[in-house]
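Chemist: So the mapping is simple: my numbering equals the position in the sequence shown, first residue as 1, plus 82.
Ideal Cβ positions, reconstructed from N, Cα and C, are used throughout, including at glycine.
Structure below; questions to follow.
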Amino acid sequence: MQRKLAVAGASAAAVALIAGATGYYAVAEGKEDRAAPSSASSASSVSLTGGSAVTVAESGISAADAIDAALAHTSGSATAADLESEGGRVYWQVDIVPDGTGATLWTVHVDPADGDVLAAYTEKDAEDAAQARTALSGASTTAREAADAAAAKGRVTSVDLAADGTPSWSVETASGAGQRDWRVDLTTGTVAAEPADD
């Protein structure tokens with residue numbers, strides 16, 4: 083199974099927040115109840131994956147739209163967009179590697195109802211940043227384009243850069259037929275069913 087490059091993933095973000103190594107910024111006016119976690123216990127639940135039918139139904143903003151909103155806030159290349167839930171609230175979590183050579187990575191939370199940016203935080207990880215840039219260096223299909231391509235298969239709930247082996251986009255969709263996993267080619271944008279795990 084390919085390792086998904088989860089830049090600023092759940093455990094890494096939690097550890098960084100607890101250690102004080104991560105900058106976290108609440109940016110949405112009038113949405114104080116969705117401000118940044120203020121304790122280690124809440125920080126560890128930043129990235130709990132949603133995925134129920136209710137969660138998908140609550141999202142009026144598509145994965146592609148969430149990526150657009152996040153990139154309008156923080157420029158760079160999106161490496162992941164996942165529909166998440168915390169404490170009964172649903173949000174898109176978009177991971178971004180900025181252009182250049184720095185070690186800073188961004189995670190942006192986007193309101194699934196209206197596309198507002200709720201919060202954004204940074205993490206320093208030179209290895210993950212370099213790995214993402216290397217995987218995307220020859221890519222002609224962005225995370226947004228991968229989400230659009232896979233949307234024909236169902237409601238996209240997750241887009242992640244799979245950086246091991248031959249890099250590709252790993253996409254999850256939900257539909258009446260259930261949840262499915264897809265692989266989107268970084269060069270051609272071709273969508274193929276993800277091989278079953280052994």
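Could you spell out the range, first to last residue, of the beta strand (DSSP E) harbouring ASP242?
Modeler: Within the sequence shown, the letter at position 160 stands for residue 242. Its beta strand (DSSP E) spans residues 237 to 244.
Chemist: Any Cβ of chain D within less than 7 Å of the Cβ of ILE149?
Modeler: Absent from the structure: chain D. Only one protein chain is present.
Chemist: So for ALA185, helix, strand or coil by DSSP?
Modeler: As a first step, residue 185 must be located in the sequence shown, where it is residue number 103. Reduced to three states, the DSSP call for ALA185 is coil.
Chemist: Could you check which residue in ALA256, SER167, GLN261 and TYR203 has the C-alpha nearest to that of THR189?
Modeler: Locating residue 189 in the sequence shown gives position 107, counting from the first residue. When only C-alpha atoms are compared, the closest one is TYR203.
Chemist: Taking the C-alpha atoms as reference points, what is the distance between VAL261 and VAL172?
Modeler: Working through the sequence shown from its first residue, we reach residue 261 at position 179. Working through the sequence shown from its first residue, we reach residue 172 at position 90. Checking the displayed sequence, the identity of residue 261 turns out to be Gln instead of Val. Roughly 18 Å separates the two Cα atoms.
Chemist: Ends of the beta strand (DSSP E) at GLU254?
Modeler: Working through the sequence shown from its first residue, we reach residue 254 at position 172. Its beta strand (DSSP E) spans residues 250 to 257.
Chemist: Helix or strand or just coil, what does DSSP make of GLU166?
Modeler: Position 84 of the sequence shown, counting from 1, holds the residue named residue 166. Strand at GLU166.
Chemist: Since THR204 is in the beta strand (DSSP E), which residue starts that stretch and which ends it?
Modeler: As a working mapping, residue 204 is identified with position 122 in the sequence shown. Where THR204 is concerned, the enclosing beta strand (DSSP E) stretches over 199 to 206.
Chemist: With a Cβ-Cβ cutoff of 7 Å, do ASP207 and LEU200 count as a contact?
Modeler: For this step, residue 207 is matched to residue 125 along the sequence shown. For this step, residue 200 is matched to residue 118 along the sequence shown. Against a cut-off of 7 Å, the Cβ pair of LEU200 and ASP207 comes out as no contact.
Chemist: Go ahead and pull the three-state DSSP assignment for ILE178.
Modeler: Here the question's residue 178 lines up with position 96 in the sequence shown. Of the three classes helix, strand and coil, the one that applies to ILE178 here is strand, per DSSP.
Chemist: So which of GLU168, ALA145, ILE149 and THR239 has the shortest CA-CA distance to SER285?
Modeler: There is no way to answer for residue 285, as the model of the chain reaches only from 83 to 280.
Chemist: Per DSSP, which residues does ASP267 bridge with? Please list them.
Modeler: Mapped onto the sequence shown, residue 267 falls at position 185. BP columns for ASP267 point to SER250.
Chemist: Count the other C-beta atoms from every protein chain shown that fall within 10 angstroms of the C-beta of ALA245, then say buried if there are 16 or more, exposed otherwise.
Modeler: Here residue 245 refers to the residue found at position 163 when the sequence shown is read from its first residue. Flag for ALA245 reads buried.
Chemist: Does GLU205 pass the burial test, meaning 16 or more other C-beta atoms within 10 Å, or should it be called exposed?
Modeler: Numbered from its first residue, the sequence shown carries residue 205 at position 123. Classification for GLU205: buried.
Chemist: With which residues is ARG262 paired in a DSSP beta bridge?
Modeler: Along the sequence shown, one-based indexing puts residue 262 at 180. Note: ARG262 sits in a beta bridge opposite THR255.
Chemist: Assuming contact is defined by CB atoms lying nearer than 7 Å, are VAL266 and ALA145 in contact in what I supplied?
Modeler: Mapped onto the sequence shown, residue 266 falls at position 184. Mapped onto the sequence shown, residue 145 falls at position 63. Contact flag unset, no.
Chemist: So if DSSP puts SER222 in a beta bridge, which residue, or which two residues, is it bridged to?
Modeler: To locate residue 222, count along the sequence shown from 1; it is residue 140. The partner list for SER222 (beta bridge, DSSP) is empty, contrary to what the question assumes.
Chemist: Are SER257 and GLY271 closer than 7 Å when you measure CB to CB?
Modeler: On the sequence shown, residue 257 is found 175 positions in, with the first residue counted as 1. On the sequence shown, residue 271 is found 189 positions in, with the first residue counted as 1. No, the pair does not count as a contact, with Cβ atoms beyond the cut-off.
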